[in-house]
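First comes the structure, then the notes that go with it.
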Amino acid sequence: MGSDFLIQNIQLFTLIFVRIFALISIAPLLSSAGIPPIAKVGLAMFTGIVIFPWVAEQGYLIPDSGLAYGLLLIGEILIGLILGFMLTVIYSAFLLSGQLYSMQMGFGASQVYDPLAQIQIPLMGQFVNLMAMFIFVINGGFQKIFLMGVLRSFETIKAVDLINVREPILKLVLRSMSILFEQALVIAFPILGVLLLISVSMGLLAKAAPQMNLLMLGFPIKITMAFLMLFLAMPFLLEAFTRVIDSSFYELMNFLKVMSGGSV
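For the sequence shown, our numbering puts the final residue at 270, and the numbers step up evenly by one.
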């Protein structure tokens, strides 16, 4: 592909670029505030140049009207944001499960700075989030984003398709939100279950022996048991993290299937 061909089709390249950049701006890890904006723009441009010949062969009609082209740009941005949102919602299950850990362990008030998101998050939320990022990378998460979120989307979706599939998109987004809470509870259940049993046991013990200072003993016991269960449940958690990440891409494929006129 020569530079002259790219310049002659700059309108098509712009549509490709804005969709990819919108996806990168909200996708897990890639949307991190620690990544300079110029790097995100460069990645979007490089990816757009690589896939431009393939998209051009698919036959993407460019309207003559400036207003229609502007609406097409907005549609491409919306598609990129929706694709990134589908991945981010499921990925947020890790942070939610970490918050559940922190509250039940007594670390609810302990906040640490997340350099990637540049926000304060609970201590255990940061730990779980780092584990999830590690698994996301070693399982080829970035490759899947560009293969499924970029290449597959250009094969199945055009901006004009958004008009006809508004209701299926809403249903799919709501289902993704329900899966978020479901997966977060699955990840947090081993430790939350043990902490619940400890709390019940300490309540019964407080009734049986009210002279014992359970307030001083309770927090160290809960924290110790929580970390012990976290260590013992680590193989299960790693497997659960892998399933959650895979489910996010599965939901993304469902979305692309709906957009192409299929059914989930």
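For glycine and all other residues, C-beta sits at the position ideal for the given N, C-alpha and C.
Three-state secondary structure assigned by DSSP to residue i
i, result
"P34", "coil"
"P128", "strand"
Beta-carbon proximity list for residue i, same chain, < 8 Å, skipping 5 on both sides
i, result
"F242", "P196"
"G155", "L29, A33, L89, G90, L93, L258"
"M137", "F100, L243, L244, F247"
"V47", "F27"
"I41", "none"
"T231", "Contrary to the premise, residue 231 reads as Met rather than Thr in this sequence. These residues qualify, in order along the chain: V200, L201, I204."
"G54", "F19, I22, F23, I26"
"F152", "T53"
"F261", "I88, L89, M92, I175, L178"
"Q64", "F160, E161"
"Q17", "I68, Y75"
Residue i, enclosing alpha helix (DSSP H) - first and last residue
i, result
"M51", "43-64"
"F152", "Careful: F152 lies outside any alpha helix (DSSP H) and carries neither H nor E."
"S159", "159-162"
6 Å CB neighbourhood of residue i in its chain, flanking five on each side removed
i, result
"S31", "S37"
"L67", "none"
"Y75", "P69"
"I193", "S103, A246"
Other residues of its chain near residue i: CB distance less than 7 Å, five sequence neighbours each side excluded
i, result
"G224", "M208"
"M235", "P196, I197, V200"
"V179", "none"
"G131", "L101, G104, Q105, S108"
"I141", "L244, F247, T248, I251"
"L49", "I30"
"Q117", "Q126, I127, P128"
"G72", "none"
"N15", "A62"
Nearest-angstrom Cβ-Cβ length linking residue i and residue j, presumed shorter than 8 Å
i, j, result
"L157", "I57", "6 Å"
"V61", "F160", "5 Å"
"P69", "L79", "Rounded, the Cβ-Cβ distance is 11 Å, inconsistent with contact."
"S182", "V95", "5 Å"
"I229", "G112", "6 Å"
"F139", "L238", "Per the sequence presented here, residue 139 reads as Met, with Phe not at that position. Not quite, the Cβ-Cβ distance comes to about 23 Å (not below 8 Å), so this is no contact."
Check: residue i C-beta below 8 Å from any heavy atom of the ligand SAM
i, result
"P59", "No copy of the ligand SAM appears in this structure; indeed no ligand is present at all."
Inter-stretch contact (C-beta, 8 Å, three-pair minimum) for the stretch 247-260 and the stretch 184-196
yes
Does the stretch 75-88 come into contact with the stretch 20-29, if we say contact requires no fewer than three beta-carbon pairs (one atom in each stretch) closer than 8 Å?
yes
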